[in-house]
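Peer 1:
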Amino acid sequence: MSDRHTRPSWWDSTIARDALREGAVTHVHRHGATTVRLSLEPLLRRTPAGGLTQSVRVAVEPFPRRPIRSAAVRIAGGAPIDCEVADGPAGSVRVLVPAVDEEVDATLDLPELDLPEPVKLRLRPQRRWTVHLVQHAHLDIGYTDPQGTVLAEGRASLDTVLDLIRATDDWPEHARYRWSVEGLSTFTDWAAHRPPSRVAEFVRRVRESRIELTAMPFNLHSETCSVDELHELLRDAVDVRKRYGVPLSTAMQTDVPGQVTGLQDALADHGFGRLSVAHNWAGRAAPHLVGGARLPRLFRWRTADGRSVLVWRTDTPQGLAYMEGSIIGFDESHAAVDDLFPAYLTALAERPVPHRGKGVPGFPILDAAYEADPYPWDVLHLRVLGTFADNGPPRLVAAETVRRWNETWAYPQLRISRHEDFFADAEQRLGDRLETFEGDWSDWWVDGVGAGAAPLAMNRTAQSALADARTLDALAGLRGAEGEAAGATEIGDVYRAVSLFNEHTWGAGDPWTYGCRAHQSGEQQWHWKYGQAVRAHDGALALLERASHRLGSALPRAHGARASFHVVNTRSRVRTDVVRFFLPESVLPLDVPARVADGRTGRALPVAEEKQTNPLHRSAGRFLHVTVADVPPLGTVRLDVFPADRRQEPVPHDSPVLENEFLAVRVDLRQSRVASVVDKATGTELVNTEAVFGFNGYVYDQYATAGGFNHQSSKTVADDSMHLLAGREVAPAAVLVERTSSAVAETLVYECVPPGAARLRTTLTLAHGVARLDIANHLVKPATMTKESAFFAFPFALADPVVRTEASGGVAGTDLPLVPGSARHMRAIRRWATLTAGPTAVGWATHDAPLVQHGNIAVPYVPYPPSVPGQEPGTLYSWVHNNIWDTNFPSEQAFEQTFRYSVAVRGDGDPAQPAALGMRTAEPSHPLHAVRAYGPPGGAPAASLVAVDRPDVRVAGLSAEGTGTFLIRLQSFADEPVTAGLRLGLPYTTALACSYLGENAAPLAPEPDGSLRVRVPTRGTAALLVTAAG
1 MSDRHTRPSW
11 WDSTIARDAL
21 REGAVTHVHR
31 HGATTVRLSL
41 EPLLRRTPAG
51 GLTQSVRVAV
61 EPFPRRPIRS
71 AAVRIAGGAP
81 IDCEVADGPA
91 GSVRVLVPAV
101 DEEVDATLDL
111 PELDLPEPVK
121 LRLRPQRRWT
131 VHLVQHAHLD
141 IGYTDPQGTV
151 LAEGRASLDT
161 VLDLIRATDD
171 WPEHARYRWS
181 VEGLSTFTDW
191 AAHRPPSRVA
201 EFVRRVRESR
211 IELTAMPFNL
221 HSETCSVDEL
231 HELLRDAVDV
241 RKRYGVPLST
251 AMQTDVPGQV
261 TGLQDALADH
271 GFGRLSVAHN
281 WAGRAAPHLV
291 GGARLPRLFR
301 WRTADGRSVL
311 VWRTDTPQGL
321 AYMEGSIIGF
331 DESHAAVDDL
341 FPAYLTALAE
351 RPVPHRGKGV
361 PGFPILDAAY
371 EADPYPWDVL
381 HLRVLGTFAD
391 NGPPRLVAAE
401 TVRRWNETWA
411 YPQLRISRHE
421 DFFADAEQRL
431 GDRLETFEGD
441 WSDWWVDGVG
451 AGAAPLAMNR
461 TAQSALADAR
471 TLDALAGLRG
481 AEGEAAGATE
491 IGDVYRAVSL
501 FNEHTWGAGD
511 PWTYGCRAHQ
521 SGEQQWHWKY
531 GQAVRAHDGA
541 LALLERASHR
551 LGSALPRAHG
561 ARASFHVVNT
571 RSRVRTDVVR
581 FFLPESVLPL
591 DVPARVADGR
601 TGRALPVAEE
611 KQTNPLHRSA
621 GRFLHVTVAD
631 VPPLGTVRLD
641 VFPADRRQEP
651 VPHDSPVLEN
661 EFLAVRVDLR
671 QSRVASVVDK
681 ATGTELVNTE
691 AVFGFNGYVY
701 DQYATAGGFN
711 HQSSKTVADD
721 SMHLLAGREV
731 APAAVLVERT
741 SSAVAETLVY
751 ECVPPGAARL
761 RTTLTLAHGV
771 ARLDIANHLV
781 KPATMTKESA
791 FFAFPFALAD
801 PVVRTEASGG
811 VAGTDLPLVP
821 GSARHMRAIR
831 RWATLTAGPT
841 AVGWATHDAP
851 LVQHGNIAVP
861 YVPYPPSVPG
871 QEPGTLYSWV
881 HNNIWDTNFP
891 SEQAFEQTFR
901 YSVAVRGDGD
911 PAQPAALGMR
921 TAEPSHPLHA
931 VRAYGPPGGA
941 PAASLVAVDR
951 PDVRVAGLSA
961 EGTGTFLIRL
971 QSFADEPVTA
981 GLRLGLPYTT
991 ALACSYLGEN
1001 AAPLAPEPDG
1011 SLRVRVPTRG
1021 TAALLVTAAG
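Structural data, given as structure tokens:
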């Protein structure tokens, strides 16, 4: 198929350019076969006498036989005024007339056209624009080429930048080449591969304000990050700023249409007070339909502690986000800019959006109203690429254009700038007029992460394991354990793998392909991406294993025990839970039952045994499940293993009911669902039995679109007709596989063959003494290019609950603010959600699948209409997998994956704060760890390092910061600023309040009782650096 066989697609930018020119025409005059179009352009030229003239562009069709060389202009019927005729773009001319300060009627006589009368027009004042052109390459780690090629080209691009800077050193200051490095990782990677002299030259250019380094390493789906990861992402920026002594105040995030609520806190915490975003809609985001049209381009984003980050967002719907400069010619030529740029500025000043939709790839629902005011200011930021493409090379085109432009026009004043230059200029001009917003700014594209369900779950495990490994390493150091804590390089490598998986590029432009280069290298790119999750998962677990053994070297054993294990609680509240650990055959033969005693009391604890997995190829032994009560916060309890006289065998039976001290659970096998969950303390039924789908009910959707066509889902629009929902099925009846009662827990397993999968096995576990139901849905799924989604439904019997969800670094919820334009139909959560209505509260946690829809299931195409009859405010849908996207994200996936959930109620004496319930519900993501003790016998059987007196404040983790020094990271979920009291279980010499990375430390005086009082902002973070005595 060639261009002559079809008419242009609405994604053809030529349409947008034609519409810009047409939209700038203010007067049309026809005489016979001649049509004269006049455009009042925002172009002002300085006269020799120092005055200003403004431009009227004249285009004539058909092209006149005699070129226009003269013109006569009269104001309000008066005498002719001075004017000049200059050549314009594309065969037009520009008539330059004295600049006006108010609108005036005028006539224009063009003698060469032989018109019967002068053309009437109305002149109006033009803005004195200042336009900052910020040059960068959009960093997709992948997409346009295999990742290794992209990274190599990124390094090469910085060599080119240095060449272009040297080449323009003697140019006018405003035209000298400047470059903003979009992802700091490009610089750090380049610096690691270049000699010191070249790095020194680069740093000198940074100091000269010719190169701008920005704070974020790359572009991410920040909703998938952990709170510590958000801060660790900025560690390189803090280090670069310190090591090289260069200014670094701005962060960039490009492509991803949304930033999580904790990001602005992390940026402000580390001194990065400016954020430049370019939200690419790509036909998948529609913020203008949910209030986003009213979000200013420049605003302040308030942080938890009342500070703010100054944010600039590109003209996303009108200019394809970061390609806004390319669509008006800045990567082509001065001639293209001369033609299109004045029309763009006119449209920007006069219409809600400069472009009208057609011709702008990714502008969805072209006829939807866009209710916004025109751009109000005379200072503008425009991103400029070297080519109209991702990962484009640096080129000189824009700088050459600026030099030539400013030789011609007084206004608009063009400048090759950095983000920092623009922010300083704009804040000076507009600082007291900027609006402030707060809350989450949710990500419209995050649904795509469901296309990699298995590696996504691995990455979430890595996030938890890495935090726990650092905590155990800190505990080991404070116990005087031998060896060194994991080094910054080892930890940084795992964090980098975690974050590279969260990086927004998940694969090739055509992800279904298997080529070796360019957009068609889909399979190769997915292997690389999946590999980051594997590296993160395996690396984090290896660090956890290392930290456990290091800690174990300092933990005391019990006299006479076959082995002692210390149960480590990495959370900052007292826990009663089940710990699972491996007991080697070398400690106790497999045919000998095990007795486990609580080292505090000597009392035998409930024990259940689990056989080794893949026993021919793994360590000989078994797993023990032991219920341990009241494990202290950030503390340990010793368990001692002895031979037992008999096993505590599980008792099989066929009852579909599970019950412990707190909950009663009933299963309906005919409908493959949990039929009832009763809070025994109140008698409250927690399951909405009238809901459309059953509790933990499996829902499988198929869609009437085809895969394997680039960006097809971005071009597809849904409506209330439901024509895109091709089918919806639920799980069939299940069979009971196992129902047992053990000393530790009540367990029920059922299985079915659901639509879209080969097997679904559900395991319900109700541990004795624990006010929590754990659900494990083990799904075996084949690959298909058919468009599909699967969900697990959780309808709670709360009519109009207040819903709160843990977000990365904060909280989102039904009663909390959102930045206008945030996605409403779905989001990625961290771990937990709470639903509260009157005295009833329930906690829900998703450990492996972050995508959640609340109240309904949306058809996954803009504008995301609901597909379930009615709205159920108490229902959460866990969106476990999909393949909706037709670019970047995988087009199909096969996996065998367990999706784990927890449901919890308040136990006796539990705090009333919903966040406390949410944190407790999510505790399986940070399980109790059993560390085998190798130290000499003796010592206390239990210890606690840090206790926090507020249930809505948690210790997110500890980290070793040198001999005897450790960092305590705090996070508050309270709705107001709080002062949390910390009690340390060891003597210390100094305590310093500091950033999350341990910077900017200031002394913190202890209370008379030795506790520390730490101020934590609303739903924010804080940190302490503590040095132990001795």
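According to the UniProt record's numbering, the sequence shown is numbered sequentially starting from 1.
Heads up, the beta-carbon is just placed ideally off N, CA and C, and yes, glycines get one too.
#1: Express the C-alpha separation of T601 and A849 in angstroms, rounding to a whole number.
#2: Can you tell me which of I775, E610 and F330 puts its alpha carbon nearest to the alpha carbon of V626?
#3: Name the DSSP beta bridge partners of G694, please?
#4: At what residue ranges does the segment 181-236 contain a whole run of the alpha helix (DSSP H), taking only runs of 4 or more?
#5: Along the beta strand (DSSP E) that carries I75, what are the first and last residues, could you check?
#6: One question on the structure: do L434 and F272 come within less than 8 Å of each other, judged by their Cβ atoms?
#7: Which ranges would you report for the beta strand (DSSP E) in the segment 920-992 if only whole runs of at least 3 residues count?
#8: According to DSSP, F796 sits in a beta bridge with which residue or residues?
#9: Quick check: the Cα distance between R241 and L798, rounded to an integer number of angstroms?
#10: Return yes when the Cβ of L970 is within less than 8 Å of the Cβ of L1026, no when it is not.
#11: Could you pull the start and end residues of the alpha helix (DSSP H) that T149 belongs to?
#12: Going by CA-CA distance only, name the one from H29, D305, G964 and P795 that's closest to residue 1033.
#13: Just mark N502 as buried or exposed, buried being the case when its beta carbon has 16 or more other beta carbons within 10 Å.
#14: Out of A858, D679, W179 and Y703, point me to the one whose CA is closest to P393's CA.
#15: Using C-beta distances below 6 Å, list every residue in its chain close to A533, excluding the 5 sequence neighbours before and after it, in chain order.
#16: Comparing C-alpha positions only, which one of G998, A980 and V948 sits nearest to F966?
#17: Could you tell me how far apart the beta carbons of residue 1035 and G492 are, in whole angstroms, since I believe they sit closer than 8 Å?
#18: Can you check which of these residues, P111, R21 and A933, is closest to H559 by C-alpha distance?
#19: DSSP on V405, reduced to helix/strand/coil?
#20: Report the rounded CA-to-CA distance for V842 versus A807, giving the unit in angstroms.
#21: Taking 8 Å as the cut-off, decide whether the C-beta atoms of W445 and F363 are in contact.
#22: In the segment 707-744, which residue ranges form an unbroken alpha helix (DSSP H) of at least 4 residues, counting only runs that do not cross its ends?
#23: Just the C-alpha distance for D538 and R470, rounded to the nearest angstrom, thanks.
#24: So which of G148, L1012 and P98 has the shortest CA-CA distance to A49?
#25: For D367, count neighbouring C-beta atoms within 10 Å of its own C-beta (all shown protein chains included) and say buried if the count is 16 or more, exposed if not.
#26: Count the C-beta pairs between the segment 472-490 and the segment 538-549 that are closer than 8 Å, then say yes if the count reaches three, no if not.
#27: Alpha carbon to alpha carbon, what distance is there between T1018 and R673?
#28: Q853: buried (16+ other C-beta within 10 angstroms of its C-beta) or exposed?
#29: Are the CB atoms of E585 and A620 nearer to each other than 8 Å?
#30: In terms of residues, what are the limits of the beta strand (DSSP E) holding F422?
#31: Taking the alpha helix (DSSP H) that T471 belongs to, which residues open and close that run?
#32: Buried or exposed for residue 1032, going by 16 or more other Cβ atoms inside 10 Å?
#33: Measure the Cβ-Cβ separation of W885 and G448 and say whether it is below 8 Å.
#34: May I ask which residues mark the beginning and end of the alpha helix (DSSP H) holding D493?
#35: Contact between the segment 82-94 and the segment 123-137 is defined here as three or more beta-carbon pairs at a separation below 8 Å; is this criterion met?
#36: Anyone know if the C-beta pair for V60 and L139 falls short of 8 Å?
Peer 2: This is what the structure gives:
#1: 40 Å
#2: E610
#3: Bridge partners of G694: none, in fact.
#4: 184-192, 196-207 and 227-232
#5: A72 to I75
#6: no
#7: 929-932, 942-944, 946-948, 953-960, 965-972 and 978-984
#8: V687
#9: 51 Å
#10: This sequence places Val at residue 1026; Leu is not what is there. No.
#11: Q147 to A167
#12: Since the first and last residues shown for the chain are 1 and 1030, residue 1033 lies out of range.
#13: buried
#14: W179
#15: P455, M458, N459 and F501
#16: G998
#17: What the structure shows of the chain is the stretch from 1 to 1030, and residue 1035 is not part of that stretch, so it cannot be assessed.
#18: A933
#19: It is worth fixing the name first, because residue 405 is Trp in this sequence and not Val. It is helical.
#20: 18 Å
#21: no
#22: none
#23: 15 Å
#24: P98
#25: exposed
#26: yes
#27: 39 Å
#28: buried
#29: yes
#30: Taken as a continuous stretch (DSSP letters only), F422 belongs to no beta strand (DSSP E), being part of the alpha helix (DSSP H) at H419 to L430.
#31: A453 to L478
#32: Given a span of 1 to 1030 for the chain in the structure shown, any question on residue 1032 remains unanswerable.
#33: yes
#34: A488 to N502
#35: no
#36: no
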